[in-house]
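A.B. asks: What follows is a structure written as structure tokens; I'll ask about it next.
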DNA sequence: AGATATTCCTGGAGGC
DNA sequence: TGCCTCCAGGAATATC
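In the working numbering, the protein residues as written are 14 to 282.
Shown next, in the form of structure tokens:
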């Protein structure tokens with residue numbers, strides 16, 4: 014399941030193939046993912062030159078010299094394949110460069126999305142307008158303090174709120190809370206300032222380590238089978254229900270907001 | 001304000 | 001082996 018590190022790794026891998034290239038051909042192999050593809054997607058992209066790639070929250074951005082930005086979301090099963098030997102049932106969007114390289118957006122469960130947005134209007138694009146700061150670099154304990162003060166929801170729920178932090182998903186919310194030794198059930202407004210400082214450090218740390226691991230695992234950001242963004246992940250608590258924690262406690266699973274939360278009952282307080 | 005439910009979708013896991 | 005059920009996930013939206 015792609016989270017921010019996988020999106021970042023994907024964007025870096027895509028950039029190596031398509032950045033600076035002219036788009037020679039676009040093939041929409043179905044009409045929609047979660048939403049319909051922009052009907053004029055092929056027309057607006059074909060012939061355009063890719064001027065750069067980026068990421069906002071868990072969205073990947075492909076900028077073109079026509080003032081458009083292709084915005085993609087990987088949902089839970091989406092990934093790009095580089096120079097696939099052949100196209101399969103779940104390769105929904107194909108982009109071919111002027112060099113003849115191919116990248117295909119593959120998404121079996123079709124939770125992903127593809128939109129084309131005027132680059133100048135990206136900050137005002139509905140999905141981006143209310144987003145909080147990026148969790149990699151812009152986050153401070155003071156910001157968390159300001160946002161959490163007076164809030165009675167759990168700190169885990171707050172971390173999942175994209176208006177407070179953009180792009181932090183279930184896995185890395187769990188991992189960051191573990192790293193900062195915070196009980197995910199704790200009322201957000203009651204987390205100590207010291208813990209918030211630790212959290213503001215833990216969040217970019219766990220994400221940064223995952224991105225670094227992805228880059229090294231995939232070597233050059235492309236796996237041997239041409240897939241971008243999926244790599245072996247080693248989590249401290251996520252998916253490790255029943256496993257021992259280093260403190261002598263046991264990793265426990267609970268459900269918060271219909272999402273699994275994994276944490277150590279003993280050392281997260 | 002905040003919790004909960006629903007929708008989208010299907011591969012994979014587990015049960016029998 | 002083969003059916004069946006259920007779960008996973010992010011975001012938008014609705015309802016309490």
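A virtual CB, placed ideally from N, CA and C, is assigned to each residue, including glycine.
Please read these numbers as outputs of a predicted model, since none were measured by experiment.
Are the beta-carbon atoms of residue 220 and residue 154 separated by less than 8 angstroms?
C.D. replies: Sequence index remark: in the first chain, residue 220 carries index 207 (1-based). Sequence index remark: in the first chain, residue 154 carries index 141 (1-based). No, these two residues do not count as a Cβ contact at 8 angstroms.
A.B. asks: Under a three-way DSSP split, which group does residue 72 fall into?
C.D. replies: One-based indexing of the first chain puts residue 72 at position 59. Residue state, collapsed to three classes: strand.
A.B. asks: Report the partner residues of residue 53 according to the DSSP bridge assignment.
C.D. replies: Here residue 53 refers to the residue found at position 40 of the first chain. Per DSSP, none; premise fails for residue 53.
A.B. asks: Per DSSP, what kind of secondary structure is residue 130 in: helix, strand or coil?
C.D. replies: Position 117 of the first chain, counted from the start, is the residue given in the question as residue 130. DSSP places residue 130 in strand when its eight states are reduced to three.
A.B. asks: Which residue's Cα is closest to the Cα of residue 247: 87, 185, 213 and 99?
C.D. replies: For the purposes of this step, residue 247 is taken as the residue at position 234 of the first chain. Per the Cα distances, 185.
A.B. asks: Between residue 37 and residue 110, which are expected to be in contact by the criterion C-beta below 8 angstroms, what is the C-beta distance as a whole number of angstroms?
C.D. replies: In the first chain, the residue the question calls residue 37 occupies position 24. In the first chain, the residue the question calls residue 110 occupies position 97. Going by Cβ atoms, the distance from residue 37 to residue 110 rounds to 6 angstroms, so yes, they are a contact pair.
A.B. asks: Residue range of the beta strand (DSSP E) that residue 273 falls in?
C.D. replies: Counting from 1 along the first chain, the entry for residue 273 is found at position 260. Counting along the chain, the beta strand (DSSP E) containing residue 273 begins and ends at 272-277.
A.B. asks: DSSP beta-bridge partners for residue 117?
C.D. replies: As a working mapping, residue 117 is identified with position 104 in the first chain. DSSP lists 94 and 107 as partners of residue 117.
A.B. asks: My output table needs one value for residue 168: the three-state DSSP class, helix, strand or coil.
C.D. replies: Taking the first residue of the first chain as 1, we reach residue 168 at position 155. It is helical.
A.B. asks: If I measure Cβ to Cβ from residue 71 and keep anything under 6 angstroms in the same chain, skipping five residues before and after, which residues do I get?
C.D. replies: Start at 1 with the first residue of the first chain, and residue 71 comes out as number 58. Only 17, 20 and 180 meet the Cβ criterion.
A.B. asks: Relative to the C-alpha of residue 205, which residue among 261, 157 and 250 is closest?
C.D. replies: Looking up residue 205 in the first chain gives position 192. The candidate whose alpha carbon is nearest that of residue 205 is 157.
A.B. asks: Distance, Cα to Cα, residue 258 vs residue 51?
C.D. replies: Here residue 258 is taken as the residue at index 245 of the first chain, counted from 1. Here residue 51 is taken as the residue at index 38 of the first chain, counted from 1. Roughly 48 angstroms separates the two Cα atoms.
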